[in-house]
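Student: So for the sequence shown, the working numbering puts the first residue at 25; every next one is plus one.
Just passing along the structure, written as structure tokens.
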Amino acid sequence: MRRNLLSLFVLTLFCWATLALAKPTSAQAPPGREYVVQADDWLSKLAEKEYGDPLAYPRIVDATNAKAAEDSSFSLIENPNLIEVGQKLWLPDETEPAPAETPTVEAAPPVAETTPAVPVKTEPILKPVGIYKAMLPAASSPGIDSTLYLNFDNTVWLIEDYLAGARPILELGKWAIDNGAVVVTITGQRGQPYDEPVEISFNLAGNILATTPDEDLYGSAGRQYLRFEALAFGQAPPYDQAEAEQLMADGLPGIYKGFSPAASSPGLDWTLFLNADNTATLKTDYLDGEILLETGHWSIAGDNLKVSLAGSGKPLSFTLAEGTLVSNDFSIFGRMPLRLYRFEVIAGAAAGGE
């Protein structure tokens, strides 16, 4: 449900485009069962319920499209994010077909080695492809909301939003792995190449992409990004709960950030602006080039926050808890509620090098 959709900028050649537009298939539909879409259903939620894995929703898309080729009462799923109440889906059985057995061939006797084996040192395989987030302080704006895309084709998009109403800055470039480091080279903005490319070196450890110790572009504090997928599935950013609770007790107006998965885009990046005059703006970034902006008003009663957005019949409801806004409407696949974190507390942790 996207209301008042504004295309702020369109990034082309996204590596997730094949998920956004599922292709019809002529393959035979696998064994499964019919399911009729209910209110509040979405494909990743069904995949979580049926298979225990929300990222298994492409199985439902492929199976339904195969069934549609056999049975005209089923409709092709052209966009996994757009399913309608009453639409028929084909849910494939949980068990995958067993792979065909291959004949075993008796191996020839090993040949005796005439030279001692030399141990080979193996380096860990880096898999940096993905989307990364950093929330940082800024001198002349509320902060910097930074999104770094490391794409499959080794291209880079770096988007810096200064959260002051201006269009975010989009920089382009490429990335490579060099001596165990992820090296990002920024070559310019769209249609405006830089005279000299900017090179930034990062170390990747788990879900953290951090500038190398010898990197001075961002000063002594450096810069640390978190993989968006980890944030979307419930990993909290560096956060001082006590500081956030004190800030919210002193005054609720501020900027709040949240992260969640999505069925047909890389995820949902939420930014909620609660203004001092009780106006509110919710920015929902689908991380695929499209951004939804909604405006309205907010009110607070005790620990209960209501955000009423224009065009929405029901206000969003949050509970103030643990220095966060805990959504009463959205959850991460039913496992945990969506939380919105106070932006300046995350940014303060980043500035402190935590």
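The beta-carbon is built from N, C-alpha and C at its ideal position, and this holds for glycine as well.
(1) Specify the secondary structure class of Phe367 as computed by DSSP and reduced to three states.
(2) Would Asp309 be called buried (16 or more neighbouring beta carbons within 10 Å of its own) or exposed?
(3) How about Leu306 and Leu298: do their beta carbons lie closer than 7 Å?
(4) Taking just the CA atoms, how far does Pro290 sit from Gly275?
(5) So does the segment 199-206 actually touch the segment 183-191, counting three or more Cβ pairs closer than 8 Å?
(6) Hey, could you find the ends of the beta strand (DSSP E) Tyr186 is sitting in?
(7) Using 10 angstroms around the beta-carbon of Val369, count the other beta-carbons present and answer buried if the total reaches 16, otherwise exposed.
(8) Since Phe283 is in the beta strand (DSSP E), which residue starts that stretch and which ends it?
(9) Go ahead and label Val109 buried or exposed: buried means 16 or more other beta carbons lie within 10 angstroms of its beta carbon, across all protein chains shown.
(10) Using only CA atoms, which one of Ala304, Tyr173, Met360, Ala287 lies nearest to Pro82?
(11) Would Leu333 be called buried (16 or more neighbouring beta carbons within 10 Å of its own) or exposed?
(12) Could you give the distance in angstroms between the alpha-carbon of Phe252 and the alpha-carbon of Ala63?
(13) Would the beta-carbon of Gly258 fall within 7 Å of that of Ile193?
(14) With distances taken Cα to Cα, identify the nearest neighbour of Ala245 among Gly320, Gly372, Pro339, Leu255.
(15) Rounding to the nearest angstrom, what Cα-Cα distance links Asp177 and Leu344 in this structure?
(16) Going by Cα to Cα distance, which pick from Phe354, Met272, Leu292, Ile155 is closest to Ala300?
(17) Report the rounded CA-to-CA distance for Leu67 versus Tyr242, giving the unit in angstroms.
(18) To the nearest whole angstrom, what separates the beta carbons of Leu174 and Ile168, a pair I think is in contact under 8 Å?
(19) Mind checking which residues open and close the alpha helix (DSSP H) that includes Asp77?
(20) Which two residues bound the contiguous beta strand (DSSP E) that contains Gln216?
Tutor: Judging by the given coordinates:
(1) Here residue 367 corresponds to residue number 343 of the sequence shown, with the count starting at 1. Helix.
(2) Residue 309 sits at position 285 when you count from the first residue of the sequence shown. Classification of Asp309: buried, given that the 10 Å Cβ count is 16 or more.
(3) Here residue 306 refers to the residue found at position 282 of the sequence shown. Here residue 298 refers to the residue found at position 274 of the sequence shown. Cβ distance not < 7 Å, so Leu306 and Leu298 don't count as in contact.
(4) Taking the sequence shown and counting its residues from 1, one reaches residue 275 at position 251. Taking the sequence shown and counting its residues from 1, one reaches residue 290 at position 266. So the alpha carbons of these two residues sit roughly 33 Å apart.
(5) no
(6) Here residue 186 refers to the residue found at position 162 when the sequence shown is read from its first residue. Premise fails: Tyr186 is in no beta strand (DSSP E) and is neither H nor E.
(7) Locating residue 369 in the sequence shown gives position 345, counting from the first residue. Looking at its Cβ environment, which holds 16 or more other Cβ atoms inside 10 Å, Val369 is buried.
(8) Along the sequence shown, one-based indexing puts residue 283 at 259. Element bounds for Phe283: 278-284.
(9) Position 85 of the sequence shown, counting from 1, holds the residue named residue 109. Val109 is exposed by the Cβ-count criterion.
(10) Residue mapping note: residue 82 aligns to position 58 of the sequence shown, counting from 1. Among Ala304, Tyr173, Met360, Ala287, the Cα nearest to that of Pro82 is on Ala287.
(11) Walking along the sequence shown from the start, residue 333 turns up at place 309. Burial call: buried.
(12) Here residue 252 refers to the residue found at position 228 when the sequence shown is read from its first residue. Here residue 63 refers to the residue found at position 39 when the sequence shown is read from its first residue. Cα to Cα, the separation comes out at about 28 Å.
(13) As a working mapping, residue 258 is identified with position 234 in the sequence shown. As a working mapping, residue 193 is identified with position 169 in the sequence shown. Result no, Cβ atoms of Gly258 and Ile193 do not sit closer than 7 Å.
(14) The residue you call residue 245 lines up with position 221 of the sequence shown. Of Gly320, Gly372, Pro339, Leu255, the residue nearest in Cα terms is Gly372.
(15) Here residue 177 refers to the residue found at position 153 when the sequence shown is read from its first residue. Here residue 344 refers to the residue found at position 320 when the sequence shown is read from its first residue. If you take the alpha carbons of Asp177 and Leu344, they lie about 42 Å apart.
(16) Taking the first residue of the sequence shown as position 1, residue 300 is located at position 276. Minimum Cα distance to Ala300 is reached at Met272.
(17) In the sequence shown, counting from the first residue as 1, residue 67 sits at position 43. In the sequence shown, counting from the first residue as 1, residue 242 sits at position 218. Here the alpha carbons of Tyr242 and Leu67 stand approximately 40 Å from one another.
(18) Position 150 of the sequence shown, counting from 1, holds the residue named residue 174. Position 144 of the sequence shown, counting from 1, holds the residue named residue 168. Rounded, the Cβ-Cβ distance is 19 Å, inconsistent with contact.
(19) Position 53 of the sequence shown, counted from the start, is the residue given in the question as residue 77. Careful: Asp77 lies outside any alpha helix (DSSP H) and carries neither H nor E.
(20) Position 192 of the sequence shown, counting from 1, holds the residue named residue 216. Run containing Gln216: 216-229, per the beta strand (DSSP E) assignment.
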